[in-house]
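So the sequence shown is numbered by my numbering: it starts at 232 and just counts up by one.
Every residue, glycine too, gets a C-beta built ideally from N, C-alpha and C.
In this text the structure is predicted, and so the values were computed from the model without any measurement.
Single-structure report; data block below.
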Amino acid sequence: MFAFIRSVGRQHQATTDRVHATADAATRIVEQQLHGRVGPVDLAVASSSGMWDLVADAHRPMFGRQDPRVWQHDRHAYGTTTITASGVLVVINSQACRGRQAEIDKTLLHELAHALQFNRPGARALIEASIANNYGIRPMTEREAKAANRQVDADEREAARMERHHRQLAQSI
Numbered sequence: 232m233f234a235f236i237r238s239v240g241r242q243h244q245a246t247t248d249r250v251h252a253t254a255d256a257a258t259r260i261v262e263q264q265l266h267g268r269v270g271p272v273d274l275a276v277a278s279s280s281g282m283w284d285l286v287a288d289a290h291r292p293m294f295g296r297q298d299p300r301v302w303q304h305d306r307h308a309y310g311t312t313t314i315t316a317s318g319v320l321v322v323i324n325s326q327a328c329r330g331r332q333a334e335i336d337k338t339l340l341h342e343l344a345h346a347l348q349f350n351r352p353g354a355r356a357l358i359e360a361s362i363a364n365n366y367g368i369r370p371m372t373e374r375e376a377k378a379a380n381r382q383v384d385a386d387e388r389e390a391a392r393m394e395r396h397h398r399q400l401a402q403s404i
């Protein structure tokens with residue numbers, strides 16, 4: 232189900248090991264709680280700056296552009312999830328998690344919730360439109376932008392609720 236596409240150096244090995252050990256169990260919890268399917272996911276563990284480089288690289292085949300500066304608005308984010316040409320990319324920020332098991336588990340659950348959300352009907356088209364807007368390719372109308380922002384807010388609240396299952400995840404492996 233998962234393709235691990237990148238991990239950082241030995242200083243962040245604890246994060247990489249934890250993500251490898253818990254990814255399948257985290258997926259089961261997310262799917263059970265949100266009544267859906269995560270689908271195929273590329274998983275990566277990266278540094279703070281490397282995380283946004285991966286996002287930009289994932290967008291080049293789809294949008295003909297890559298600019299990590301578009302995405303570096305939050306260098307302290309614990310993780311991020313985006314669409315790719317072949318599915319979904321989840322990146323865990325090893326520097327933000329600092330090898331702390333609870334933070335890694337919460338972040339993985341949160342980001343896998345986004346992966347599931349991105350597979351819901353209509354979600355991918357909305358995300359593509361938002362990314363194209365962010366790159367300046369196809370600007371959204373004010374109405375479209377407000378609708379997209381409302382959906383992002385709802386998705387963030389749902390994903391944040393998944394974090395409370397981190398103890399269940401720790402006990403399941």
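In the DSSP annotation of this structure, the continuous segment of the alpha helix (DSSP H) that includes Ile260 starts and ends at 244-265. The alpha-carbon separation between Gln332 and Arg381 amounts to approximately 31 angstroms. Here DSSP, grouped into helix, strand and coil, assigns Asn350 to coil. Assignment of Gly295 by DSSP, reduced to helix, strand and coil, places it in the coil class. Measuring C-alpha to C-alpha distances from His290 to each of Ile314, Val276, Asp386 identifies Ile314 as the nearest. Per DSSP, the unbroken alpha helix (DSSP H) holding Ala385 starts and ends at 373-393. Looking at Gln348, Arg351, Glu375, Arg392, the one whose alpha-carbon comes closest to that of Ala360 is Glu375. Our two residues, Val286 and Gln402, have alpha carbons roughly 31 angstroms apart in a direct line. Residue environment analysis places Gly353 among the exposed positions, since fewer than 16 neighbouring C-beta atoms fall within 10 angstroms of its C-beta. Annotation: the continuous alpha helix (DSSP H) that includes Ala327 extends over 325-328. Distances from the CA of Gly310 to each of Ile362, His396, Glu387, Ile404 were compared; the closest alpha carbon is that of Glu387. Contact annotation, Thr246 with Ile404: C-beta distance approximately 15 angstroms; criterion of less than 8 angstroms not satisfied.
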